[in-house]
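The structure appears below as structure tokens.
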Amino acid sequence: LYNIAKCINTNDYSSLIAGAEWTRDNKNDDNTPQANAMAKLDWNKVDILVIAFGTNDWTGNPIGTELTSDASGATFKGAMCYTIEQIQSKYPHLQIILIGMSFRLRTTTSTPSDNSDDVSTINGYLNEYQKAILEVAENYHIPAFDMYRNSGVNRYNYTYYLRDGIHPKALEGNKHWAMKIGSFLNSSL
Numbered sequence: 002l003y004n005i006a007k008c009i010n011t012n013d014y015s016s017l018i019a020g021a022e023w024t025r026d027n028k029n030d031d032n033t034p035q036a037n038a039m040a041k042l043d044w045n046k047v048d049i050l051v052i053a054f055g056t057n058d059w060t061g062n063p064i065g066t067e068l069t070s071d072a073s074g075a076t077f078k079g080a081m082c083y084t085i086e087q088i089q090s091k092y093p094h095l096q097i098i099l100i101g102m103s104f105r106l107r108t109t110t111s112t113p114s115d116n117s118d119d120v121s122t123i124n125g126y127l128n129e130y131q132k133a134i135l136e137v138a139e140n141y142h143i144p145a146f147d148m149y150r151n152s153g154v155n156r157y158n159y160t161y162y163l164r165d166g167i168h169p170k171a172l173e174g175n176k177h178w179a180m181k182i183g184s185f186l187n188s189s190l
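Listed below in structure tokens is the structure:
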């Protein structure tokens, strides 16, 4: 997301579109419609930006210790700080809201015991990433939804909500996410 924030700040979406095209062509995951739509968006007309962080970082980037903007994306906290600063320095009217991640399995091929409550990655536990989101939100005085603790998704019901142990199911999962996040937005705005 920190790279997307740079695109928003500079109004240059060429790297985002190129990345979406590469992902479509090499990973069978087509995000080109979203990238192209974002490139055409007039951010002066946007009031609220909801940003979901964390689940991919848990298996990739270390959390970090500092609440300092980091354009390299080397740490989760640094990338979040950079994202907020890039967007709000260009569009100070935007209300940014952070959304955390829910309970999940470590990978799409994990067994149920290989989950975010019981297993850490080299970078720590997923709930530590949720805590980092709340810490960054507090630092920038912006709302954040603790999806990890408040989603209601856990080891006993995740198969109802998650299609592969990580991503929401088209109907049950997306509806549940929409209700949880929508309720939070209604109470925060």
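For the sequence shown, the residue numbers in the numbering used here are 2 to 190. From the three backbone atoms N, C-alpha and C, an ideal C-beta is built for every residue, glycine too.
Quiz prompt | Simplified DSSP assignment, three categories, for A75 | solution = The answer is coil: DSSP assigns A75 none of H, G, I, E or B.
Exercise. Determine the extent of the alpha helix (DSSP H) in which V222 is found, giving its start and end residues.
Key: Nothing can be reported for residue 222: it is not among the residues displayed for the chain, which extend from 2 to 190.
Quiz prompt | Own chain, CB closer than 6 Å to Y141, minus 5 neighbours either side, in chain order | solution = Closer than 6 Å at the Cβ level, and outside the excluded window around Y141, lie I85.
Practice problem: Give me the Cα-Cα distance between W44 and F54, rounded to the nearest whole angstrom. | Solution: Using only the alpha carbons, I get a separation of about 20 Å.
Quiz item: Touching or not, the stretch 151-167 and the stretch 71-88, by the rule of three or more beta carbon pairs under 8 Å?
Solution: Between the stretch 151-167 and the stretch 71-88 there are fewer than three C-beta pairs closer than 8 Å, too few to call the two in contact.
Self-check item: Which listed residue (Y161, D31, S152 and N175) has its alpha carbon closest to that of F104
Solution: F104 has its Cα closest to that of S152, out of Y161, D31, S152 and N175.
Quiz prompt | Three-pair Cβ contact test at 8 Å for the stretch 79-95 versus the stretch 29-43 | solution = In short, these stretches do not touch, since the Cβ pair count stays below three.
Exercise. Tell me whether A171 sits in a helix, a strand or coil according to DSSP, three-state version.
Key: Taken through DSSP and simplified to helix, strand or coil, A171 comes out as coil.
Quiz item: Is the beta carbon of L17 sitting closer than 9 Å to the one on I49?
Solution: Cβ distance not < 9 Å, so L17 and I49 don't count as in contact.
Self-check item: Run of the beta strand (DSSP E) containing I123, from where it starts to where it stops
Solution: Run containing I123: none; DSSP gives neither H nor E here.
Exercise. Work out the CA separation of E129 and E139 for me, nearest whole Å.
Key: The straight-line gap from Cα to Cα measures roughly 15 Å.
Quiz prompt | Neighbour-count burial assignment, G166, 16 or more Cβ in a 10 Å radius | solution = Buried, by the Cβ-count rule.
Exercise. Go ahead and pull the three-state DSSP assignment for F146.
Key: DSSP places F146 in strand when its eight states are reduced to three.
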